[in-house]
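J.: Residue numbering for the sequence shown follows this note's numbering, beginning at 902 and increasing consecutively.
For every residue, glycine included, the Cβ atom is placed at its ideal position computed from N, Cα and C.
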Amino acid sequence: MGDKKGRFLSLPVLLVISLMGFVYYTTVFVFIEDWLGLSTSLGFLNYLIFSWVAFMSLLSFFVAVIKDPGGVPTYFALDWENPPKHQGVTSRYCDKCSTYKPPRSHHCRVCKRCVLKMDHHCVWISNCVGYGNYKPFIIFILHAATGSIYSTVIFVSSILQKDHDFSRTSRKLFYVLCGFVMISLSLTIGTLLGWHIYLLTHNMTTIEYREAVRAMWLARKSGQKYRHHFDLGVYKNLSQILGPNMFKWLCPMALGHLKNGTEFPISND
């Protein structure tokens, strides 16, 4: 528990929280207030919508930071001569942990352990992104990208549709800074969201994609089509990661569908 609390004291995590606070404050109390006014029905509606997106971003971020991505269970079967097999996928041996690791698991040099279905180690959440917290991580990216684009639209609308006095250098620099931050966040997080939507719909991790690049090339060279072992089709892929209940797909704490993370169904193709 102490390690989880310590993650919130890391500089990148504090920077993310501060940046979220900065974007929220400027969007609501500067740009929406300046352009529409929070006392108007349209201004209040935009305030409610943006506040909900910001709340979901913060909540899913906290869950992604706190939630354990998943370590190899102590009961995972060891057979030094015959590594465990799960539906045709053989477990691999980890020299650093001196044990076999389940399929899709990888050793994290930062966390110094094998992580179940590891995607990558994310410095911005001071935690690995893996089997246990991939869903809240995805939901965080989704809402962060939505909030950044929403904020950028509000910012641009405020600039274009209302006269501003930029005679003061400080005011001018403030608007330039806000524009730079919001547009940069929209492009960066929007691109990251697009990448993870691709991975999500193909039931693939970032590490698995890198490993599959050569396999894709060899398949094309021999006139065949490469298919990822764990790609079950878009809907099944989404259900496996986000859960069987669509109404809970965007709830970062709805993780009851997750099992032990050592076995995964594979495609029959």
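Do you know how far the Cα of T975 is from the Cα of H1097?
T.: In a straight line, the C-alpha of H1097 is about 30 Å away from that of T975.
J.: Short check: CB of S1052 to CB of M1083, under 7 Å?
T.: Yes, these two residues count as a Cβ contact at 7 Å.
J.: Could you pull out every unbroken alpha helix (DSSP H) segment of at least 4 residues lying fully inside the segment 1019 to 1070, listed in chain order?
T.: 1035 to 1062, all fully within the segment 1019 to 1070.
J.: Between which two residues does the alpha helix (DSSP H) holding R1014 run?
T.: Element bounds for R1014: not the alpha helix (DSSP H) but the beta strand (DSSP E), R1014 to V1016.
J.: G971 and G1031: beta carbons closer than 7 Å?
T.: Going by C-beta atoms, G971 is nearer than 7 Å to G1031.
J.: Expressed to the nearest angstrom, what Euclidean distance is found between the alpha-carbon atoms of L1088 and V1077?
T.: If I take the Cα positions, the gap works out to 16 Å.
J.: Give me the residue from C1029, A965 and S1006 with the minimum Cα distance to C1012.
T.: Cα-wise, what sits closest to C1012 is C1029.
J.: In terms of residues, what are the limits of the alpha helix (DSSP H) holding Y1001?
T.: Segment T1000 to K1002 is the beta strand (DSSP E) holding Y1001; no alpha helix (DSSP H) there.
J.: Hey, how far is the Cα of S1006 from the Cα of W953?
T.: Answer to the nearest angstrom: the Cα atoms are 35 Å apart.
J.: Which term fits T1163, buried or exposed, when burial requires 16 or more other beta carbons within 10 angstroms of its beta carbon?
T.: Counting Cβ neighbours within 10 Å, T1163 comes out buried, since at least 16 surround it.
J.: Taking the straight line between their C-alpha atoms, what separation do you get for R993 and T1000?
T.: Their Cα atoms are separated by approximately 9 Å.
J.: What does Q1008 pair with, by DSSP beta-bridge criteria?
T.: What sits at residue 1008 in the sequence shown is His, not Gln. Answer by DSSP bridge pairing, in chain order: C1015.
J.: Check whether the segment 956 to 971 and the segment 1149 to 1164 are in contact - that is, three or more C-beta pairs closer than 8 Å.
T.: Yes, since at least three Cβ pairs between the segment 956 to 971 and the segment 1149 to 1164 fall closer than 8 Å, the two stretches touch.
J.: Comparing alpha-carbon positions, which option in A1120, F909 and I1040 lies nearest L1094?
T.: Looking at the Cα atoms, I1040 is the closest of the given residues.
J.: Using the Cβ count rule (16 or more neighbours within 10 Å means buried), how would you classify Y882?
T.: A query on residue 882 cannot be resolved here, the shown segment of the chain reaching from 902 to 1170 and no further.
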